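There are 4 protein chains.
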Amino acid sequence: MTDGRVTRARALREERRQQILYAARGVFAHRGYHASSIADILGAANIARGTFYLHFESKKTIFSELLDSFTDRLSGVVHRVDLTSDVSARNQLLANVQRILAILFDNQDLTTILLREAVGVDTEFDTKIAEFWGHVHLLVKRSLKTGIELGILRSIDPELYAWFVLGGIKEAIAQLVARGETPDAEQRRRLAENVLDYTLRGILRT
Amino acid sequence: MTDGRVTRARALREERRQQILYAARGVFAHRGYHASSIADILGAANIARGTFYLHFESKKTIFSELLDSFTDRLSGVVHRVDLTSDVSARNQLLANVQRILAILFDNQDLTTILLREAVGVDTEFDTKIAEFWGHVHLLVKRSLKTGIELGILRSIDPELYAWFVLGGIKEAIAQLVARGETPDAEQRRRLAENVLDYTLRGILRT
Amino acid sequence: MTDGRVTRARALREERRQQILYAARGVFAHRGYHASSIADILGAANIARGTFYLHFESKKTIFSELLDSFTDRLSGVVHRVDLTSDVSARNQLLANVQRILAILFDNQDLTTILLREAVGVDTEFDTKIAEFWGHVHLLVKRSLKTGIELGILRSIDPELYAWFVLGGIKEAIAQLVARGETPDAEQRRRLAENVLDYTLRGILRT
Amino acid sequence: MTDGRVTRARALREERRQQILYAARGVFAHRGYHASSIADILGAANIARGTFYLHFESKKTIFSELLDSFTDRLSGVVHRVDLTSDVSARNQLLANVQRILAILFDNQDLTTILLREAVGVDTEFDTKIAEFWGHVHLLVKRSLKTGIELGILRSIDPELYAWFVLGGIKEAIAQLVARGETPDAEQRRRLAENVLDYTLRGILRT
DNA sequence: TATGAATGAGGCTTCATTCAT
DNA sequence: AATGAATGAAGCCTCATTCAT
Numbered sequence: 004m005t006d007g008r009v010t011r012a013r014a015l016r017e018e019r020r021q022q023i024l025y026a027a028r029g030v031f032a033h034r035g036y037h038a039s040s041i042a043d044i045l046g047a048a049n050i051a052r053g054t055f056y057l058h059f060e061s062k063k064t065i066f067s068e069l070l071d072s073f074t075d076r077l078s079g080v081v082h083r084v085d086l087t088s089d090v091s092a093r094n095q096l097l098a099n100v101q102r103i104l105a106i107l108f109d110n111q112d113l114t115t116i117l118l119r120e121a122v123g124v125d126t127e128f129d130t131k132i133a134e135f136w137g138h139v140h141l142l143v144k145r146s147l148k149t150g151i152e153l154g155i156l157r158s159i160d161p162e163l164y165a166w167f168v169l170g171g172i173k174e175a176i177a178q179l180v181a182r183g184e185t186p187d188a189e190q191r192r193r194l195a196e197n198v199l200d201y202t203l204r205g206i207l208r209t
Numbered sequence: 004m005t006d007g008r009v010t011r012a013r014a015l016r017e018e019r020r021q022q023i024l025y026a027a028r029g030v031f032a033h034r035g036y037h038a039s040s041i042a043d044i045l046g047a048a049n050i051a052r053g054t055f056y057l058h059f060e061s062k063k064t065i066f067s068e069l070l071d072s073f074t075d076r077l078s079g080v081v082h083r084v085d086l087t088s089d090v091s092a093r094n095q096l097l098a099n100v101q102r103i104l105a106i107l108f109d110n111q112d113l114t115t116i117l118l119r120e121a122v123g124v125d126t127e128f129d130t131k132i133a134e135f136w137g138h139v140h141l142l143v144k145r146s147l148k149t150g151i152e153l154g155i156l157r158s159i160d161p162e163l164y165a166w167f168v169l170g171g172i173k174e175a176i177a178q179l180v181a182r183g184e185t186p187d188a189e190q191r192r193r194l195a196e197n198v199l200d201y202t203l204r205g206i207l208r209t
Numbered sequence: 004m005t006d007g008r009v010t011r012a013r014a015l016r017e018e019r020r021q022q023i024l025y026a027a028r029g030v031f032a033h034r035g036y037h038a039s040s041i042a043d044i045l046g047a048a049n050i051a052r053g054t055f056y057l058h059f060e061s062k063k064t065i066f067s068e069l070l071d072s073f074t075d076r077l078s079g080v081v082h083r084v085d086l087t088s089d090v091s092a093r094n095q096l097l098a099n100v101q102r103i104l105a106i107l108f109d110n111q112d113l114t115t116i117l118l119r120e121a122v123g124v125d126t127e128f129d130t131k132i133a134e135f136w137g138h139v140h141l142l143v144k145r146s147l148k149t150g151i152e153l154g155i156l157r158s159i160d161p162e163l164y165a166w167f168v169l170g171g172i173k174e175a176i177a178q179l180v181a182r183g184e185t186p187d188a189e190q191r192r193r194l195a196e197n198v199l200d201y202t203l204r205g206i207l208r209t
Numbered sequence: 004m005t006d007g008r009v010t011r012a013r014a015l016r017e018e019r020r021q022q023i024l025y026a027a028r029g030v031f032a033h034r035g036y037h038a039s040s041i042a043d044i045l046g047a048a049n050i051a052r053g054t055f056y057l058h059f060e061s062k063k064t065i066f067s068e069l070l071d072s073f074t075d076r077l078s079g080v081v082h083r084v085d086l087t088s089d090v091s092a093r094n095q096l097l098a099n100v101q102r103i104l105a106i107l108f109d110n111q112d113l114t115t116i117l118l119r120e121a122v123g124v125d126t127e128f129d130t131k132i133a134e135f136w137g138h139v140h141l142l143v144k145r146s147l148k149t150g151i152e153l154g155i156l157r158s159i160d161p162e163l164y165a166w167f168v169l170g171g172i173k174e175a176i177a178q179l180v181a182r183g184e185t186p187d188a189e190q191r192r193r194l195a196e197n198v199l200d201y202t203l204r205g206i207l208r209t
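Residue numbers (my numbering), protein chains in the order written: chain Z, 4 to 209; chain L, 4 to 209; chain Y, 4 to 209; chain W, 4 to 209.
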């Protein structure tokens, strides 16, 4: 059934999809969801109007897809801390932070969209993004809880402090990306250290 | 000239203005800037189309006014720490945090607008809001610098850490307001303590 | 019945009316009917909105009144040529032209309105203005007919030539007024001579 | 690249443009600029709202285009009199008049717009139209000057008399078009003769 | 009579989506 | 699959007129 032609056709189709996604990503990051028109995307992707709707259902759909795939990727690199591991908890957390920073800085457009442009777009989106951050928040909260139970962390309100932690990181990165800074490997390492350091001091027992 | 009638007329006019602002505030907080139509505001304020334009130039104008007056009010209650004062620096900071929290929780709609709905509305707005946060960031950064110079704080990057501090607070409050929690005085006091505690631990020398 | 108070009240009312008419005249002449808003007139007359409607039914009404009174005045000074008079026909015509020019140049705002701004305002107005010019045209046409019958004029199409005559004068004056020129008595006399001269040469038998 | 399909598409697009222009022309001529709504044009052209804006930027734009192309066409057929030509000056002038009359009577809607409906629409338009007539006036004035220098014409004020000439013709034609008369070839010839005759008598030396 | 706030019909323009080729 | 013309709902704003004080 699926002979070469079909396969090739599929590949082409997928390629075209990616081309549009790429264009949309830049447009949304640059102008924000509302200020971006389908025409902008068409222009950036160099395709005709109809072609767009051949690949995506709507403006909302493509925005959603960009957002979802990004949050999925982010979610994927956050590993739960394994207390039985040889690697220290601190270093496991550090690795998490570093992986996240890597993704964020390597996808500045998507980071911009996630942190700045995806708010207040639509009730539906807001919910989805809230869920994403809720998910991250949950991961952090669990870690805090475990830390408290193990006596590593002070007896704090995990719910509240998880937002402190999350917010601090979001804001700092948003600012860095907003001003177009692309730190090199060494700078990222130091940034990750700072993030973790600040955060842990705020919550560690001693 | 300005007899009783004129005075009363002015008062009525101002009252009507406030009525519209109040209605708009709720609408914007609820649906976001873009999803809110003038018609929504008219409905909420129970006025006719023309009446709106008698008091405000445009949709953007009224949104801007809401935002500006709120950020002005917020800016107004943040006092620089006076190291020569009898009151300890910590307590001065605590007072700042408490005043801010008071305004935020007493104006949940405006808080929602500021933290959630005023992003990505318009390049112009984005700039204005960025300036506001930039202003707050500057205040925090200055405090950090002073603290470092005085040897009270660790030798950190004030720029970066100021964003950590700011972001943590913004996020936590945004979450609380988002879920419609209106903490009582006691809860607010504890929240302020937590905010300050978390923050200071992250930056204090010891 | 009509004691002093009533009389005085009437006089005041009339005065107020004139004040508004005067203001409207300037506004209409300056910006044209459509570009003039009631607000413009209120500003020029320094009165409140309601006051306007106390004296005039509508925007159309006041415009109409300005126009009508002006066309009436103009019509009034055009006398039919009396061939039995001691005064020569040419001089009677010249007197007509001079009287018209006097009114036009002494009321430049109204002249502007009549010649430039009162066209295409409204079907109703167009009709009225067409009727006015039709009236003037009729006067001219009659003169031509008489002249032809008396053998003074060539055997021309009175209908058509009356438009030639009328149009030439209208255009020349419109231009003069448009550029704000206010000729003195001597210049007006010469202008009248020119008008008549040009016109008569075009139609006189010899 | 530009194969048959593309060519046809372009032709169709141009056709649609013309269809809209045609509809707008009728509407504007009939009701005047201000009384014409976009909806009127849509109805006359039998197209949807969006389609209009696909071809024209705005109501002003389409009106402007109608006007400009018409004045351009008119300007195009007015040739300067060539005194070295075999054709007599009089006949060259006559040819000019005839060409102008031809265009005017063949485009009664546009003529109506130019002479009646395009006045007082907008400051911008007024200027443009004034410039057009100014251009024509200049042509006439130059001819007069030349005539005077050559001793063919009397020693008149060219500026003033050019307005006489122009105004007479404008008015006569406006009247004819206004009453919907469409003279046949013979009638046009005679009209042109009359126009020229009247005009020349007014200015010729003898 | 004077005021000016309130009204709402009316008009222009945008833009996401559809559809015939 | 690709194209781009066509669609029309939706939204913003103006301004002549009314009306309560």
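Here a beta-carbon is modelled for each residue, glycine too, at the ideal position from N, C-alpha and C.
Bear in mind the structure is a predicted one, so any value in this text is a computation, not a measurement.
- [ ] Please decide whether Ala175 of chain L counts as near chain Z, where near means a Cβ-Cβ distance under 7 Å.
- [x] Closer than 7 Å: yes.
Open item on the list: I want to verify the contact list: residues of chain L whose CB lies under 9 Å from the CB of Leu77 of chain Z, in sequence order.
Closed with: Neighbours of Leu77 of chain Z on chain L: none; closest Cβ ~16 Å, over 9 Å.
Task: Local conformation of Glu153 of chain Z per DSSP, three classes - done: It should be pointed out that residue 153 of chain Z corresponds to Leu in this sequence rather than to Glu. The three-state reading of DSSP puts Leu153 of chain Z in coil, since its state is none of H, G, I, E or B.
Open item on the list: Just to confirm my understanding: we take Gly150 of chain Z, look at its own chain, exclude 5 residues before and 5 after, and list those with CB closer than 6 Å. What are they?
Closed with: These residues qualify, in order along the chain: Leu156.
Open item on the list: Against Arg119 of chain Y, what residues of chain W qualify as contacts under a CB-to-CB distance less than 7 Å, listed in chain order?
Closed with: Correct list: Val122, Gly123.
TODO: May I have the straight-line CA-CA distance separating Ile206 of chain W from Gln178 of chain Y, to the nearest angstrom?
DONE: Looking at the backbone, the Cα of Ile206 of chain W and that of Gln178 of chain Y are separated by about 20 Å.
Open item on the list: DSSP three-state label for Leu45 of chain W, please.
Closed with: DSSP places Leu45 of chain W in helix when its eight states are reduced to three.
- [ ] Take Ser39 of chain W and list the residues in its own chain whose beta-carbon comes closer than 6 Å to its own, dropping the five residues that flank it on each side.
- [x] Answer for Ser39 of chain W: Val30, Phe31, listed in chain order.
Task: Proximity test, Cβ basis, 7 Å: Leu169 of chain Y and chain W - done: Yes, contact with chain W.
Task: Under 9 Å by beta carbon: chain Y residues contacting Asp43 of chain W - done: Residues of chain Y passing the Cβ test: none, with the nearest at roughly 14 Å.
Task: Nearest residue (CA-CA) to Arg20 of chain Z, options Z:Thr54, Z:His37, Z:Asp43, Z:Val180 - done: It is Z:Thr54.
- [ ] Please name the residue, chosen from W:Asp89, W:Leu147, W:Leu118, that lies closest to Asp129 of chain Y on a Cα-to-Cα basis.
- [x] Out of W:Asp89, W:Leu147, W:Leu118, the CA that lies nearest to the CA of Asp129 of chain Y is found in W:Leu118.
- [ ] Return the residue from the list W:Thr126, W:Asp109, W:Arg13, W:Tyr56 that minimises the CA-CA distance to Ala188 of chain W.
- [x] Closest by alpha carbon: W:Asp109.
- [ ] Kindly indicate which three-state DSSP category Leu199 of chain Y falls into: helix, strand or coil?
- [x] Judged by DSSP in its simplified three-state form, Leu199 of chain Y adopts helix.
Open item on the list: Strictly below 9 Å CB to CB, what residues from chain Z border Ser197 of chain L?
Closed with: Here the sequence assigns Asn to residue 197 of chain L, which means Ser is not the residue at that position. From the beta-carbon of Asn197 of chain L, the residues of chain Z found nearer than 9 Å are Ile159, Asp160, Leu163, Tyr164, Phe167.
TODO: Using a cut-off of 7 Å between C-beta atoms, extract the partners of Gln178 of chain W located in chain Y.
DONE: Chain Y residues near Gln178 of chain W: Trp166.
Open item on the list: Would Leu97 of chain Z and Leu199 of chain Z be called neighbours here (beta carbons separated by less than 7 Å)?
Closed with: In this structure, Leu199 of chain Z lies closer than 7 Å to Leu97 of chain Z by Cβ.
Open item on the list: Quick check on Leu141 of chain L: does DSSP put it in helix, strand or coil?
Closed with: DSSP places Leu141 of chain L in helix when its eight states are reduced to three.
- [ ] Kindly indicate if chain W contains any beta-carbon less than 7 Å away from that of Gly35 of chain Y.
- [x] With 7 Å as the cut-off, Gly35 of chain Y counts as an interface residue toward chain W.
Open item on the list: Which residue marks the beginning of the alpha helix (DSSP H) containing Thr114 of chain Y, and which one marks its end?
Closed with: Looking at the DSSP string, the run of the alpha helix (DSSP H) that includes Thr114 of chain Y is 111-115.
Task: Contact test: Val90 of chain L Cβ vs the ligand NAP heavy atom, cutoff 6 Å - done: Absent from the structure shown: the ligand NAP. Ligands present: none.
Open item on the list: Distance cutoff 7 Å, beta carbons only. Does Arg192 of chain L sit that close to anything in chain Z?
Closed with: No, Arg192 of chain L lies away from the interface with chain Z (no Cβ there is under 7 Å from its Cβ).
- [ ] Kindly indicate if chain Z contains any beta-carbon less than 7 Å away from that of Ile205 of chain L.
- [x] The sequence given here places Gly at residue 205 of chain L; Ile does not occur at that position. Output row for Gly205 of chain L: interface = yes.
- [ ] Using beta-carbon positions only, say whether Gly171 of chain L and Gly170 of chain Z come within less than 7 Å of one another.
- [x] Yes; because the gap between Cβ atoms is below 7 Å, this pair is in contact.
TODO: Output yes if chain Z places a C-beta closer than 7 Å to the C-beta of Tyr56 of chain L; else output no.
DONE: With respect to chain Z, the C-beta atom of Tyr56 of chain L has no partner C-beta closer than 7 Å.
TODO: Compare the Cα-Cα distances from Arg83 of chain L to each of L:His138, L:Glu162, L:Arg204 and report the closest residue.
DONE: Arg83 of chain L has its Cα closest to that of L:His138, out of L:His138, L:Glu162, L:Arg204.
- [ ] Put Leu57 of chain W into one of helix, strand or coil per three-state DSSP.
- [x] Three-state DSSP puts Leu57 of chain W in a helix.
Open item on the list: For Asp71 of chain W, count the other beta carbons within 10 Å of its own beta carbon; 16 or more makes it buried, fewer makes it exposed. Which is it?
Closed with: Asp71 of chain W is exposed by the Cβ-count criterion.
Open item on the list: Taking only three categories from DSSP, how would you classify Leu194 of chain L?
Closed with: Note: Leu194 of chain L maps to helix in three-state DSSP.
TODO: Thinking Ile44 of chain L and Ala26 of chain L are a contact (beta carbons under 8 Å), I'd like their distance in whole angstroms, please.
DONE: Indeed they touch by this definition, with Cβ atoms about 6 Å apart.
Task: Where the alpha helix (DSSP H) containing Val122 of chain L begins and where it ends - done: For Val122 of chain L, there is no enclosing alpha helix (DSSP H), as DSSP marks it with neither H nor E.
Task: Burial state of Ser146 of chain L, where buried means 16 or more other Cβ atoms lie within 10 Å - done: So Ser146 of chain L counts as buried.
Task: Closer than 7 Å at the beta carbon, the chain L residues around Tyr201 of chain Z - done: Going along chain L in sequence order, the residues near Tyr201 of chain Z (Cβ under 7 Å) are Tyr164, Phe167, Gly205.
Open item on the list: Pop quiz: Leu113 of chain W and Arg28 of chain W are said to be a contact at Cβ under 8 Å. What is the actual Cβ separation, rounded to whole angstroms?
Closed with: Separation of the CB atoms of Leu113 of chain W and Arg28 of chain W is rounded to 6 Å, and the pair is thereby assigned contact status at 8 Å.
- [ ] Determine, using beta carbons only, whether Glu217 of chain L and Gly35 of chain L come nearer to each other than 7 Å.
- [x] Because chain L here runs from 4 to 209, residue 217 of chain L falls outside it and cannot be looked at.
- [ ] Look up Leu207 of chain Z in the DSSP assignment and give the residues it is bridged to.
- [x] Beta-bridge pairing links Leu207 of chain Z to Z:Leu156.
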